[in-house]
Structure formats: structure tokens, C-alpha cells
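Asker: Number 113 marks the last residue of the sequence shown (our numbering); no jumps.
We put the CB at the ideal spot given by N, CA and C, even for glycine.
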Amino acid sequence: MSVAVMHALLLPDIGLCPFGWRAVSNGGSICRTLAVCGVLLRQQCEMQGGCATCRVSIRHGSVALTPRSSVENRLLGCASALRLACQCHVRGGAGLVVVEAV
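#1: Within 10 Å of its beta-carbon, does Gln55 have 16 or more other beta-carbons around it, so buried, or fewer, so exposed?
#2: So Arg102 and Ala63 are in contact, right, with Cβ under 8 angstroms, and what is the actual spacing, rounded?
#3: Go through the stretch 58-96 residue by residue and report every complete run of the alpha helix (DSSP H) that reaches 4 residues or more, in order.
#4: Using CA coordinates, which residue listed in Ser68, Leu45, Val113, Val109 is at the minimum distance from Met58?
#5: Measuring only the C-alpha atoms, how far is Ala90 from Val82?
#6: What is the rounded straight-line gap between the Cα of Pro78 and the Cα of Gly88?
#7: Is the beta carbon of Ile41 within less than 8 angstroms of some heavy atom of the ligand ADP?
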């Protein structure tokens, strides 16, 4: 049986996602998409982009994500592989995005 998925997040981090969950996103933030699947990232600002505790490392598929916001640039500096899961959204028609909690 094959399943077509337009937007997907694959979480390989064994501590965050021990069973290799796949979360399907419809353009929402990485943080909200994961929460729907029961994977809760640390966050202290209620997904407002104020604390940087929900930062993730993008291991694959960064081109499928929205560009970094000014909030992300301010909080994360020049660490280009890091994103704030509450501020980062999967673009329409995107493929596989692999993230890891840091």
C-alpha cells in the first residue's frame, strides 16, 4: 500500500521520537504539527518566538521551509541549520523535512 504525502516531517531523533513518527503538515508550524502528533517540544513563550527553547536542527529539506524570520535571525544569529519550530512553516507542495531537537 502506498500513501502520497505532500508535506511531511520525519523525526529521527530517538529521544524525541522513539518510534520514528511521521507527522503530516498542512503548512502549519513545525511546533504545532508535532504537537498534534503528541510530540511536544520544549517551549516557554507559548509559540510566540520569544524564547528560542523550541529550536530544532534541520537535517534535510530546508528548501521546503519558509525563510527565516527576523525573530529567528535575532534569536539564533548565524546558525543557519537551526530554526525555531514555532516560527518555521512547511511550504505548500513540500517534500520530506527531517528535523532533530537540539
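Answerer: Result, derived from the coordinates:
#1: exposed
#2: Their Cβ separation, rounded to whole angstroms, is 22 angstroms, which puts Arg102 and Ala63 out of contact at 8 angstroms.
#3: 81-87
#4: Leu45
#5: 13 angstroms
#6: 14 angstroms
#7: Summarising the ligand content, the structure contains no ligands, and the ligand ADP is consequently not present.
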